[in-house]
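Participant: Just dropping this structure here.
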Amino acid sequence: MTPSNEPPPAIRARGLRKTYGEVVALDGLDLDVPDGTVLALLGPNGAGKTTAVSILTTLLSADGGEGTVAGVDVLAEPGRVRERIGLSGQFAAVDEVLTGRENLQMIGRLYGMTRRAARRRATELLERFSLTEAGDRPVKGYSGGMRRRLDLAGALVAEPPVLFLDEPTTGLDPRSRNELWGVIRELVADGTTLLLTTQYLEEADQLADDIVVIDKGRAIARGTADDLKASLGRSRVEVVLADSAEADAVAAVLAAHGAADAEVDIGPERRRLSVQVDDGVAALSGVLGELRATDIELRDVGLRRPTLDDVFLTLTGSATEPTDTPEVAA
Amino acid sequence: MSAVTDILVIANRNVIKIRRVPEVLIFVLLSPIMFVLLFAYVFGNSIDIQGSSYREFLIAGIFAQTVMFGGTFTGAGIAEDMQKGIIDRFRSLPMSRSAVLTGRTLSDVIYNVMSVVIMSLTGLLVGWRIRGSILDALAGYLLLLVFAYAISWIMAYLALLVPSPEVINNASFMVIFPLTFVANTFVPAESLPGPLKTFAEWNPVSSVTQASRELFGNIPPGTPEPTAWPLQNATLYTLIWVVVIIGIFAPLAIRRYAQPR
Ligand SMILES: Nc1ncnc2c1ncn2[C@@H]1O[C@H](COP(=O)(O)OP(=O)(O)O)[C@@H](O)[C@H]1O
Ligand SMILES: [Mg+2]
Chain Z
460 MTPSNEPPPA IRARGLRKTY GEVVALDGLD LDVPDGTVLA LLGPNGAGKT TAVSILTTLL
520 SADGGEGTVA GVDVLAEPGR VRERIGLSGQ FAAVDEVLTG RENLQMIGRL YGMTRRAARR
580 RATELLERFS LTEAGDRPVK GYSGGMRRRL DLAGALVAEP PVLFLDEPTT GLDPRSRNEL
640 WGVIRELVAD GTTLLLTTQY LEEADQLADD IVVIDKGRAI ARGTADDLKA SLGRSRVEVV
700 LADSAEADAV AAVLAAHGAA DAEVDIGPER RRLSVQVDDG VAALSGVLGE LRATDIELRD
760 VGLRRPTLDD VFLTLTGSAT EPTDTPEVAA
Chain E
9 MSAVTDILVI ANRNVIKIRR VPEVLIFVLL SPIMFVLLFA YVFGNSIDIQ GSSYREFLIA
69 GIFAQTVMFG GTFTGAGIAE DMQKGIIDRF RSLPMSRSAV LTGRTLSDVI YNVMSVVIMS
129 LTGLLVGWRI RGSILDALAG YLLLLVFAYA ISWIMAYLAL LVPSPEVINN ASFMVIFPLT
189 FVANTFVPAE SLPGPLKTFA EWNPVSSVTQ ASRELFGNIP PGTPEPTAWP LQNATLYTLI
249 WVVVIIGIFA PLAIRRYAQP R
């Protein structure tokens with residue numbers, strides 16, 4: 460062990476590589492997740508998020524690099540790693556024929572709990588994830604959000620110190636997503652270390668202490684959510700006009716409230732204008748106040764938060780691949 | 009010790025599924041009934057077996073064919089678990105590396121027990137009888153089940169290689185049909201032409217059929233001894249296949265399951 464006062468990170472990866480034939484899924488990925496913190500791995504479809512999670516949870520072998528989880532080498536001692544982790548994969552891996560309770564009890568038994576301990580833990584988790592009422596019904600009848608919660612509960616059965624959640628809210632409606640965020644926040648407050656993958660900047664912002672943006676298997680940016688937003692994608696104030704003749708007047712107002720180095724973007728029909736701003740709320744109310752004093756007719760006005768697309772646009776100069784999942788409601 | 013618990017937990021899960029998904033059960037039970045009735049009534053009068061009724065001859069063949077198909081349930085079940093990510097969840101747990109496959113193959117024996125029982129009842133209806141001792145008959149059933157167990161390890165391995173229930177179904181039909189037809193299941197091996205006859209004589213489906221006929225007392229006195237060694241020593245030859253199949257496919261499948269890909 461290295462003589463150091465700092466505890467080793469709960470998750471550490473160095474130079475992870477994985478190729479599938481011609482496809483390079485991971486191209487030298489480094490990660491550090493300090494004990495008790497949350498790291499979001501943010502990237503579009505195909506960026507390599509699932510591959511990274513699968514290697515660190517011992518499901519997949521790496522072609523190069525190394526990883527440790529809770530101080531245990533992933534490649535050398537996969538069995539000991541499995542005793543210390545909980546995984547909720549990209550698609551809820553719950554047995555549809557079993558009831559929610561049976562799913563959790565089965566996992567508890569497989570973690571080596573006694574029958575009684577597994578039963579007690581299942582009851583606790585059903586309660587905690589608001590599944591008590593549905594707990595004795597087969598999972599087949601559960602909604603997507605309920606399945607997700609059950610899958611997450613499954614990852615927590617043995618109270619593992621390190622948790623991996625692969626796109627926990629993809630495909631959920633905004634309400635279920637908010638519920639799940641609440642649950643995840645509670646978990647983290649209890650000191651669990653979490654590696655979370657997501658396609659949504661909003662989600663990373665809500666949940667993570669640190670964010671690593673990955674694209675084509677490599678990290679292209681890292682920092683706190685605030686760092687990233689400040690440097691990469693500031694919020695924009697956007698105005699939609701009824702009459703394109705007023706575009707120039709509005710552009711002047713926007714420029715006055717925009718960030719010092721920002722240019723006003725005027726859409727192709729000269730009716731949709733936007734500008735990056737430093738302080739979203741102040742800028743929005745300033746713009747609204749000035750425009751109200753005129754008689755310019757507005758169709759819409761709003762604060763648009765930076766999305767993963769904005770981040771990518773800034774970082775790589777190209778937009779993300781279109782995804783088949785709905786954009787998160789901000 | 010904990011490996012045994014893991015196997016029991018997995019087997020218990022599969023038993024719950026057997027109870028709750030009656031559609032599968034209906035298929036498991038109906039197809040042997042259909043086969044017995046079809047063969048007994050369609051071919052029953054046109055195929056002549058020396059010194060015996062065709063129905064008496066036929067039942068052991070249908071037993072063998074049905075337990076071969078029983079393995080398909082193992083394959084399809086594992087393929088489905090792979091597709092749904094359930095296998096990956098198990099693989100991420102600190103549990104025995106062989107328990108998921110062992111628990112599955114063991115619990116699938118239940119399917120085969122049920123279909124053997126149903127076939128026997130249908131057989132009794134169409135005139136089949138156990139004419140040997142009860143002990144021999146039990147040995148016959150046991151041999152069929154052990155043979156079926158070996159087949160389900162082959163299917164388990166295939167399902168881990170190609171995790172698609174559809175592909176597993178189609179592939180196993182393409183293998184199982186020729187294997188069960190180029191055999192002594194539905195006609196005597198001796199009546200097949202040249203190379204097919206040799207194949208049939210060495211085909212383990214023939215030996216398990218032959219052994220069942222012997223153990224159920226379905227070979228009437230005066231029937232000429234088979235000429236090929238595997239059929240003369242049908243039980244032994246079948247058991248050798250069982251040991252070889254399990255010895256090869258269980259380690260292959262478990263390694264495939266356990267190894268990170
Ligand atoms: N089993 C596989 N065979 C071939 N290519 C794969 C396989 N799994 C992933 N890939 C490829 O590796 C890249 C990264 O995939 P993945 O880690 O699943 O990305 P993400 O989870 O970020 O969407 C993608 O280009 C994907 O097509
Ligand atoms: Mg993924």
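Protein sequence lines, in the order shown, are assigned to chains Z and E.
Residue numbering for the first sequence follows the working numbering, starting at 460 and increasing by one per position.
Residue numbering for the second sequence follows the working numbering, starting at 9 and increasing by one per position.
Heads up, the beta-carbon is just placed ideally off N, CA and C, and yes, glycines get one too.
Predicted model only: the values in this text are computed from it and were never measured.
Using a Cβ-Cβ cutoff of less than 7 Å, which residues in the same chain neighbour Val213/E once the five nearest sequence positions on both sides are dropped?
Facilitator: Here residue 213/E corresponds to residue number 205 of the second sequence, with the count starting at 1. Ala72, Met76, Leu187, Thr188, Ala191 and Thr193.
Participant: Below 9 Å between beta carbons: does that hold for Pro620/Z and Ala499/Z?
Facilitator: Here residue 620/Z is taken as the residue at index 161 of the first sequence, counted from 1. Here residue 499/Z is taken as the residue at index 40 of the first sequence, counted from 1. Cβ atoms of Pro620/Z and Ala499/Z: not closer than 9 Å.
Participant: Mark Val252/E as exposed unless 16 or more other C-beta atoms lie within 10 angstroms of its C-beta, in which case mark it buried.
Facilitator: If you number the second sequence from 1, residue 252/E lands on position 244. So Val252/E counts as exposed.
Participant: Quick test of the definition: if touching needs 3 or more C-beta pairs under 8 Å, does the stretch 483-500 of chain Z touch the stretch 640-659 of chain Z?
Facilitator: The answer is yes - the stretch 640-659 of chain Z touches the stretch 483-500 of chain Z, with three or more Cβ pairs under 8 Å.
Participant: Where Thr657/Z and Val512/Z are concerned, what is the direct C-alpha to C-alpha distance, given to the nearest angstrom?
Facilitator: For this step, residue 657/Z is matched to residue 198 along the first sequence. For this step, residue 512/Z is matched to residue 53 along the first sequence. Rounded to the nearest angstrom, the two C-alpha atoms are 12 Å apart.
Participant: Locate the alpha helix (DSSP H) running through Lys477/Z, then write down its first and last residues.
Facilitator: Within the first sequence, the letter at position 18 stands for residue 477/Z. Run containing Lys477/Z: none in the alpha helix (DSSP H); it sits in the beta strand (DSSP E), Ile470 to Tyr479.
Participant: Going straight from the alpha carbon of Arg476/Z to that of Gly131/E, what length do you get?
Facilitator: The count along the first sequence starts at 1 and reaches residue 476/Z at position 17. The count along the second sequence starts at 1 and reaches residue 131/E at position 123. Rounded to whole angstroms, Arg476/Z to Gly131/E spans 60 Å at the Cα level.
Participant: At a threshold of 8 Å, does Thr509/Z count as lining ligand 1 (C-beta to nearest heavy atom)?
Facilitator: The residue given as residue 509/Z occupies position 50 in the first sequence. Indeed, a heavy atom of ligand 1 lies less than 8 Å from the Cβ.
Participant: In whole angstroms, give me the CA-to-CA distance for Gly225/E and Gly148/E.
Facilitator: Indexing the second sequence from 1 puts residue 225/E at position 217. Indexing the second sequence from 1 puts residue 148/E at position 140. Cα to Cα, the separation comes out at about 10 Å.
Participant: Once you ignore the five residues that flank Arg137/E on each side, which residues in its own chain have a CB closer than 6 Å to its CB?
Facilitator: The residue labelled residue 137/E in the question sits at position 129 within the second sequence. There are no such residues.
Participant: Which residues share a DSSP beta bridge with Ile34/E?
Facilitator: In the second sequence, the residue the question calls residue 34/E occupies position 26. Note: Ile34/E sits in no beta bridge, so no partner.
Participant: Counting only the same chain and skipping the five closest in sequence on each side, list residues whose C-beta sits under 6 Å from that of Gln665/Z.
Facilitator: As a position in the first sequence, residue 665/Z is number 206, starting the count at 1. Hits under 6 Å: Trp640.
Participant: Thr517/Z touches chain E at which residues, Cβ-Cβ below 9 Å?
Facilitator: Within the first sequence, the letter at position 58 stands for residue 517/Z. The contacting residues are Arg99, Ser100 and Pro268.
Participant: Can you find a C-beta in chain Z that's less than 9 Å from the C-beta of Val17/E?
Facilitator: Counting from 1 along the second sequence, the entry for residue 17/E is found at position 9. Closer than 9 Å to some Cβ of chain Z, the Cβ of Val17/E qualifies, so yes.
Participant: Any beta-carbon of chain E closer than 9 Å to the one on Ser513/Z?
Facilitator: For the purposes of this step, residue 513/Z is taken as residue 54 along the first sequence, with counting starting at 1. Interface residue, yes.
Participant: Scan the stretch 109-124 of chain E for residues whose Cβ lies nearer than 8 Å to a Cβ of chain Z and list them as they occur along the chain.
Facilitator: Residues: none.
Participant: So, does the CB of Asp554/Z fall closer than 9 Å to a CB anywhere in chain E?
Facilitator: Translated into the one-based positions of the first sequence, residue 554/Z becomes position 95. Closer than 9 Å to some Cβ of chain E, the Cβ of Asp554/Z qualifies, so yes.
Participant: Can you pull the chain E neighbours of Leu791/Z, defined as C-beta to C-beta under 8 Å?
Facilitator: Nothing in the structure corresponds to residue 791/Z, since chain Z is present only between 460 and 789.
Participant: Could you please give me the residues that DSSP links to Ser733/Z through a beta bridge?
Facilitator: Position 274 of the first sequence, counted from the first residue, corresponds to residue 733/Z. Glu697/Z and Asp724/Z.
Participant: According to DSSP, which residues form a beta bridge with Glu443/Z?
Facilitator: Residue 443/Z lies beyond the range of chain Z shown here (460 to 789); nothing can be said about it.
Participant: Would DSSP call Ile755/Z helix, strand or coil?
Facilitator: Along the first sequence, read from residue 1 onward, the residue named residue 755/Z stands at position 296. Of the three classes helix, strand and coil, the one that applies to Ile755/Z here is coil, per DSSP.
Participant: Which whole-angstrom value describes the C-beta separation of Ala242/E and Ile176/E, a residue pair presumed to lie in contact below a C-beta threshold of 8 Å?
Facilitator: In the second sequence, residue 242/E corresponds to position 234, counting from 1. In the second sequence, residue 176/E corresponds to position 168, counting from 1. With 8 Å as the limit, Ala242/E and Ile176/E do not qualify as a contact, their Cβ atoms being about 29 Å apart.
Participant: So Thr510/Z is in the alpha helix (DSSP H); what residue range does that whole segment cover?
Facilitator: For the purposes of this step, residue 510/Z is identified with residue 51 of the first sequence, where counting begins at 1. Looking at the DSSP string, the run of the alpha helix (DSSP H) that includes Thr510/Z is Lys508 to Leu515.
Participant: According to the Cβ coordinates, are Asp96/E and Ala552/Z closer than 9 Å?
Facilitator: Taking the first residue of the second sequence as 1, we reach residue 96/E at position 88. Taking the first residue of the first sequence as 1, we reach residue 552/Z at position 93. Their beta carbons are under 9 Å apart, which means Asp96/E touches Ala552/Z by this criterion.
Participant: Taking buried to mean at least 16 other C-beta atoms within 10 Å of its own C-beta, is Ala719/Z buried or exposed?
Facilitator: Residue 719/Z sits at position 260 when you count from the first residue of the first sequence. That one is exposed.
Participant: Under 9 Å between C-beta atoms, does Pro781/Z make it to chain E?
Facilitator: The residue given as residue 781/Z occupies position 322 in the first sequence. Any reading at Pro781/Z must be qualified, since the residue scores a pLDDT of 45, below 50, and its modelled position is unreliable; the value itself is stated next. It does not; no Cβ of chain E falls within 9 Å.
Participant: Going by CA-CA distance only, name the one from Arg693/Z, Ala680/Z and Glu728/Z that's closest to Ser703/Z.
Facilitator: Position 244 of the first sequence holds residue 703/Z. Of the candidates Arg693/Z, Ala680/Z and Glu728/Z, the one whose C-alpha sits nearest the C-alpha of Ser703/Z is Glu728/Z.
Participant: Is the beta carbon of Gly504/Z within less than 8 Å of some heavy atom of ligand 2?
Facilitator: The residue labelled residue 504/Z in the question sits at position 45 within the first sequence. Here residue 504/Z is Asn; the residue named in the question, Gly, does not match the sequence. Within the cutoff, so yes.
Participant: Hey, quick one: how far does the beta strand (DSSP E) through Arg677/Z stretch, first residue to last?
Facilitator: Taking the first residue of the first sequence as position 1, residue 677/Z is located at position 218. It spans Arg677 to Gly682 - the beta strand (DSSP E) in which Arg677/Z sits, taken as one unbroken run.
Participant: Look up Arg792/Z in the DSSP assignment and give the residues it is bridged to.
Facilitator: A question about residue 792/Z goes unanswered here, because the residues of chain Z that appear run from 460 up to 789.
Participant: Using only the alpha-carbon positions, how far apart do Tyr245/E and Val154/E sit?
Facilitator: Taking the first residue of the second sequence as position 1, residue 245/E is located at position 237. Taking the first residue of the second sequence as position 1, residue 154/E is located at position 146. Their Cα atoms are separated by approximately 13 Å.
Participant: When the Cβ atoms of the stretch 629-645 of chain Z are set against those of the stretch 563-579 of chain Z, are three or more pairs found closer than 8 Å?
Facilitator: With the cut-off at 8 Å, the stretch 629-645 of chain Z and the stretch 563-579 of chain Z do not touch.
Participant: For the stretch 86-98 of chain E, which residues have a CB atom closer than 8 Å to at least one CB atom of chain Z, in sequence order?
Facilitator: If the cut-off is 8 Å between Cβ atoms, the stretch 86-98 of chain E has Lys92, Gly93, Ile94, Asp96, Arg97 and Phe98 near chain Z.
Participant: In chain E, what lies closer than 7 Å to Phe550/Z by C-beta?
Facilitator: Position 91 of the first sequence, counted from the start, is the residue given in the question as residue 550/Z. Per Cβ cutoff of 7 Å: Gly93.
Participant: How long is the line joining the alpha carbons of Leu501/Z and Lys675/Z, rounded to whole angstroms?
Facilitator: Here the question's residue 501/Z lines up with position 42 in the first sequence. Here the question's residue 675/Z lines up with position 216 in the first sequence. Approximately 12 Å, taken between the alpha carbons.
Participant: On the DSSP bridge assignment, give the partners of Phe623/Z in chain order.
Facilitator: As a first step, residue 623/Z is located in the first sequence; it is residue number 164 there, counting from the start. Answer by DSSP bridge pairing, in chain order: Leu546/Z and Leu654/Z.
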